[in-house]
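Residue numbers (this note's numbering): 406 to 835. We put the CB at the ideal spot given by N, CA and C, even for glycine.
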Ligand SMILES: Cc1ncc(COP(=O)(O)O)c(C=O)c1O
């Protein structure tokens, strides 16, 4: 298969894990929405940092500390460039996107949301962009108002328009659903304008969007964006909060302690400049170095090409599912590959999603099953769960063929599998 700019077969050479044999078959990794694999370049950058440069940052005058500090700051710069932030000082490193959203809820939210205020949260959100707002609302006596998702799996501007009012302080919305694949960026641009007319801020969850397509925070017009390194070829344990400088500057730290301050007396404290005010304690320098390497890797591929590659995989999946599985498989979310990313949630009729996931594992195919941390969305769709295949830069059409062939075997054995017992005999069609 060829992509416009990069060749996924070449890319695969950077990911030794893709050569692993699991359950006697070559691994097919389709669980990228949960976490991506890491290329050699990222692992090498982390190893090089720990083997040759390791020191604590911002504390020592010695050379190693200066090197580590510079590498840590450079990582902020690369991330800023990646999402077209005005300055690296708008980039706060967190533990993951979950922490990034909690940071906004419990700094901006605690200072600006009060009794009777409203927070609009879409039904499509991952729990990470829903539960922090619910907790904030409970503490502050505010109300969470839910923005419904249409049966097509899309959000509509009219729903936001209907619900927004002068009491609305925050709109929390994902840029791409981790279940339905729905891309909301065009809508979010309009919603941001609407929100600002009402004096509300917009907090977007970029966990499934930033790793997969070009992101420009200035052009989106939102106030905060969060995402996680581990879903974009980088290491676990580091995430990003981008916030508009003028808003971040008004905020007190989320967590306090070392590195958050300029000066402390027994009577008072002067908080540090951005972004250090929000990065309490010794940070994950190795993680930041790995994230920088991941960003370099993706920039070299070109985010437009990443998007094109995944769109092609989605198109191909729909084609093959339609040809081979049409009557037995139900796929959720928008049908137009332009309107969705490389996340495909589905169910095999009459079979439990866990049974299908366990059976696919026997074929060496890694997918996610369950509700994918989006219980309210599954309930809204009337689903007890789903199977989710999700793609990234190293996935190829032959893997989709394998997925389809394995699903065909599973469907042929459906009556046997209904008992829920799955073992390796399935691979022989028995
Ligand atoms: C849309 C979305 N938001 C938030 C998260 C949470 O990510 P993390 O666990 O890295 O904080 C995920 C991860 O699955 C996600 O898909």
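Within the chosen limit of 6 Å, ligand 1 does not reach the beta carbon of residue 780 with any heavy atom. Under DSSP, residue 431 forms a beta bridge with 426. Between ligand 1 and the CB of residue 699, the shortest heavy atom gap is not smaller than 6 Å. Here the distance from the Cβ of residue 442 to the nearest heavy atom of ligand 1 is not below 6 Å. Not one heavy atom of ligand 1 is found less than 6 Å from the C-beta of residue 760. In the three-state DSSP reduction, residue 786 falls in the coil class, being neither helix nor strand. Here the alpha carbon of residue 448 sits roughly 7 Å from the alpha carbon of residue 695. The Cβ neighbour count for residue 675, taken over all protein chains shown within 10 Å, is under 16; the residue is labelled exposed. The C-alpha of residue 578 lies about 36 Å from the C-alpha of residue 454. Non-local beta-carbon contacts of residue 490 in its own chain, meaning distances under 7 Å to residues more than five positions away in sequence, involve 496, 622 and 647 in chain order. The alpha carbon of residue 422 has as its nearest neighbour, out of 410, 441 and 411, the alpha carbon of 441. Beta-bridge partners of residue 581 (DSSP): 588. Put simply, the stretch 494–512 does not touch the stretch 545–557. Fewer than three CB pairs are less than 8 Å apart.
As computed with DSSP, residue 436 is found in a beta bridge with 795.
For residue 750, no alpha helix (DSSP H) run applies; the uninterrupted beta strand (DSSP E) run containing it begins and ends at 748–753, by DSSP. The residues 769, 829 and 832, in chain order, have a CB closer than 8 Å to that of residue 429 in the same chain once the five nearest residues on each side in sequence are set aside. Short note on residue 579: C-beta closer than 6 Å to some heavy atom of ligand 1. Straight through space, the alpha carbons of residue 540 and residue 665 are spaced by roughly 25 Å. The three-state secondary structure of residue 610, taken from DSSP, is strand.
Judged by beta-carbon spacing, residue 550 lies within the 7 Å limit of residue 568, meaning their Cβ atoms are closer than that value. A distance below 7 Å separates the beta carbons of residue 734 and residue 751. Judged by DSSP in its simplified three-state form, residue 632 adopts strand.
Set against 6 Å, the gap from the CB of residue 814 to the closest heavy atom of ligand 1 is not smaller. With at least 16 other beta carbons inside 10 angstroms of its own, residue 746 counts as buried. For the pair residue 521 and residue 572, the Cα-to-Cα distance works out to about 7 Å. A contact is defined here as three or more CB-CB pairs under 8 Å, and the stretch 805–821 meets this definition with respect to the stretch 726–742. Between residue 720 and residue 742, the C-beta spacing is below 7 Å.
Listed in chain order, the beta strand (DSSP E) runs fully inside the stretch 651–685 are 666–669 and 674–676, counting runs of at least 3 residues.
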